[in-house]
Amino acid sequence: EKGGLNAALLHNLRVGYKELLQDIAHDEEGVKEMKNHLKQLQREREHIAREVAAAEAFVESMSSEGALGPIVQKKDSLAAFAEDEYKKARVQHGNMMTLLKDEFGYHPEYKLGKTNDPSKEFSGKFFTPDPNPNDFV
Numbered sequence: 003e004k005g006g007l008n009a010a011l012l013h014n015l016r017v018g019y020k021e022l023l024q025d026i027a028h029d030e031e032g033v034k035e036m037k038n039h040l041k042q043l044q045r046e047r048e049h050i051a052r053e054v055a056a057a058e059a060f061v062e063s064m065s066s067e068g069a070l071g072p073i074v075q076k077k078d079s080l081a082a083f084a085e086d087e088y089k090k091a092r093v094q095h096g097n098m099m100t101l102l103k104d105e106f107g108y109h110p111e112y113k114l115g116k117t118n119d120p121s122k123e124f125s126g127k128f129f130t131p132d133p134n135p136n137d138f139v
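Quick look at the structure:
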């Protein structure tokens, strides 16, 4: 009786030992996965830290009045240049519309121009530049 009981106990210990070894192997695999995941998170953290540092440097460079002075002056001069060129383009557009009307009988509302030769009729899209392009409302 004692021999059978001891054999059963030994069998149960061997089965428990195998299960314990399997559990340890699974745990070691889980540790490897966690370490890989942790490495990935660390890389992401470093990447985000670099992006934050770059954004902070950009904001810092724009925060001082001295750094913005030349940029604002250039913006103002470019805006004045663009406004001037737009006014010139409006005048030129008006001159060309007058030429089309006088020389070719162009009628803007009907989008049609006629000449003495019917095969040379033309059409175009009616367009007038906005007199105040800065008025967005």
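Numbering (our numbering) for the sequence shown: 3 to 139.
Even glycine gets a Cβ: it sits at the ideal position worked out from N, Cα and C.
Check: Could you tell me the alpha carbon to alpha carbon distance between A81 and N134, rounded to whole angstroms?; Outcome: 14 Å
Check: Using DSSP bridges, identify the partner residues of H95.; Outcome: According to DSSP, H95 bridges with nothing at all.
Check: Does the beta-carbon of Y19 have 16 or more other beta-carbons within 10 angstroms, so that it is buried, or is it exposed?; Outcome: exposed
Check: Between Q44, P131, N38, which lies nearest to Y88 when the distance is taken from Cα to Cα?; Outcome: P131
Check: Hey, quick one: how far does the alpha helix (DSSP H) through D1 stretch, first residue to last?; Outcome: Since the displayed the chain opens at 3 and closes at 139, residue 1 lies outside it and no answer follows.
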